[in-house]
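The sequence shown maps to residues 828 to 1319 in my numbering.
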Amino acid sequence: MAVSETDVSIQLRHSLDEEGEYGAFTSVSVDILVRGTKAGSISGTIVNRQKIPERYFLSAMDGHSSDLQYVAVSLFEPRLGRTKLQSLRDGGDDNEFDFLYISTMHVEDQHKEKGSSDVGAFALRQLLHHPFIKGRAAHGCWSVSSCIYILDPYEAMTKEEKEKVKSEERKEFGRRRTQTLPETEESLRAKEEKARRMDVLARLDANQFLRNGFFQDIAVARQEGNAARFLVAAYGHWVEPLKSHADAVAVQFYVAPRTPRPPVGKDAEILEVTKRMCSSRGRNTMAGVSSMMIGLHPPTRDGAADRDRASAYQTEIARLVAEGGSLARSNALHAACANKDPAIVRCILNMDPMTLESRDPSNSTPLMIAAATAAGMSNIDGMPRDQPVIDELIGRGAQKGAVNLDGMTAYGTLKSMVEEYGMAMNAMMGRAVQTGPRTMPGLAELEAKLIPPGGPTAADRSGGASAQSGFIDYKEEDAEFDREYGDHYSDY
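Given below as structure tokens:
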């Protein structure tokens, strides 16, 4: 039987969320009813950005949950919790008001037959126009000014299909935990087919949201991971008339460019050998220190140990290359750079100089990986001035002007990751996030090594964000405010 909008109603409950700090979090749970019978549910969290002290936004999100932490770093800036998306700001989102993160939306199977989105769309519309969400709309503002949902492919499955898929995932996770399995052509095809299937299901989950003005922001969708599954809307979007199911189905979603496949076969074996040999470096070092401490024998000189490892590595890699493997295709140099192993880096470059400018599946060069790894080495004493991997790559002629998919060089990667790690660390420690240029001992020296001959790219300067890309860069706006009024918005 067809369901009309008047057949659907909701019952909303809300309470202060004890998981959050500053009294800024409200839990919302909604029962979806069809002709008085429960037909689904919605749950989420409302975040009052005004209650969170300036520069503690990321800390508060991290303290609440990993879900909100992911939402925060993806969509909001850290100082005041302002949206990073031009599309949301244009739609009316403002940090003076709350945002709603919908964590789950479930509609019973019988109301989703043949892909129907009516019940979900009607219930969502009632939620977004509920007095608790709507607030003081008569005065030109809503209590909640933006809403976020991450598409859930499992919600488009039947109950039986969902149980089967999750059971298979648990078995696969168990196999991967107990044994290292290099990728094969067959395993890659299976992964790719599953990824395509999950994308199709996630798209089905979108229709009820698309009908209410939600959309996939391309600036977010281009990011890595599951970023393409973010749907967002501001109150200026959901006040528009409800769209039809046909209109929602016709919406085209962003499809990411196909990235190079990870190594398979002998190439995958080369990558696994590289990782294993790099990890043995740490074990050998600790074993030598332990033996020295208990007086069994003097420690092996690092140089001698590195030469032994490099020799063993070269022998094993030569065999795999003779059997059809390739150091360049395997991304072995990227792995050695990520593991900060200069001996293996030198060995790989000696065996195959073409690896120097090779690209991994994310289109990064070895120098970009080395720069990102160096950013993670910073601590309270600053940045280590000894950077043998970066020195080796640059000494071999690595192109400092090469850019990744975001238009950033290794220099931009370093600056971006130093800022990201700094914000993440402050958030985890419950400290205020510091915005603006980072200063620490050793950082300027490393930046000088990596800066491109033609200077930083636009993406290097903005950290990959700009008005042209769909992201808002608040750096200049904040710097101007700080120069004129001091560095605390909350005082004004």
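Each residue gets a CB set at the ideal place from its N, CA and C atoms; glycine is no exception.
Bear in mind that the values here come from a model prediction, so they are computed numbers and not experimental data.
- Residues of the same chain with a CB within less than 8 Å of the CB of D1208, apart from the 5 flanking positions on each side, are P1268 in chain order.
- As summarised for the region 1188 to 1212, the continuous alpha helix (DSSP H) elements at least 4 residues long and confined to that stretch are 1193 to 1202, given in chain order.
- By the CB criterion at 7 Å, A1201 and T1240 fall outside the cutoff.
- Put simply, the backbone Cα of F924 is about 7 Å away from that of R876.
- Distance from the Cα of S1106 is smallest, within the candidate group V1076, I1171, P1188, for I1171.
- Counting other Cβ atoms within 10 Å of its Cβ, S1185 reaches 16 or more and is therefore classed as buried.
- Assignment of K1070 by DSSP, reduced to helix, strand and coil, places it in the coil class.
- When beta bridges are read from the DSSP output, H1161 appears opposite no residue.
- Bridge pairing for K1018: absent [DSSP].
- Shown here for M1235: same chain residues with a beta carbon closer than 7 Å to its own, the five before and five after excluded, namely S1243, T1284, A1286, D1287, G1291 in chain order.
- S842 counts as exposed, since fewer than 16 other C-beta atoms from the protein chains shown sit within 10 angstroms of its C-beta.
- Nearest to R862 by C-alpha distance, out of T833, S870, V874, is T833.
- The beta carbon of D1168 is closer than 7 Å to those of C1105, R1108 in its chain, skipping five residues each way along the sequence.
- Under the DSSP assignment, F926 falls in the beta strand (DSSP E) whose first and last residues are 925 to 934.
- With fewer than 16 neighbouring CB atoms inside 10 Å of its own CB, I1045 falls in the exposed class.
- A residue is called buried when at least 16 other Cβ atoms come within 10 angstroms of its Cβ; N1253 meets this threshold and is buried.
- DSSP links A1061 through a beta bridge to S973.
- Judged by their CB atoms, F959 and V874 are not nearer to each other than the 7 Å cut-off.
- In this structure, DSSP gives T1284 a state outside helix and strand, which the three-state scheme calls coil.
- Rounded to whole angstroms, L895 and S1071 show a C-alpha spacing of 31 Å.
- Spatial neighbours of L1160 in its own chain (CB-CB distance under 8 Å, excluding positions within 5 residues in sequence) are listed in chain order as L1154, V1172, I1175, L1176, T1182, L1183, S1185, P1193.
- For Q838, the secondary structure class from DSSP, reduced to helix, strand or coil, is strand.
- Residue pairing by DSSP puts F1042 in a beta bridge opposite V1059.
- A distance below 6 Å between beta-carbons, with the five flanking residues on each side excluded, links P905 to the following residues of its chain, in chain order: F884, L885, M1250, V1260.
- Contact check for G918 against A1061 passes: the beta carbons are separated by less than 7 Å.
- Distances from the alpha-carbon of D1233 to those of Y1301, G1130, S943, V1047 put V1047 closest.
- The beta-carbon separation of A1165 and I1196, rounded to 5 Å, stays under the 8 Å limit for a contact.
- Taking the CA atoms as reference points, E935 sits about 12 Å from I869.
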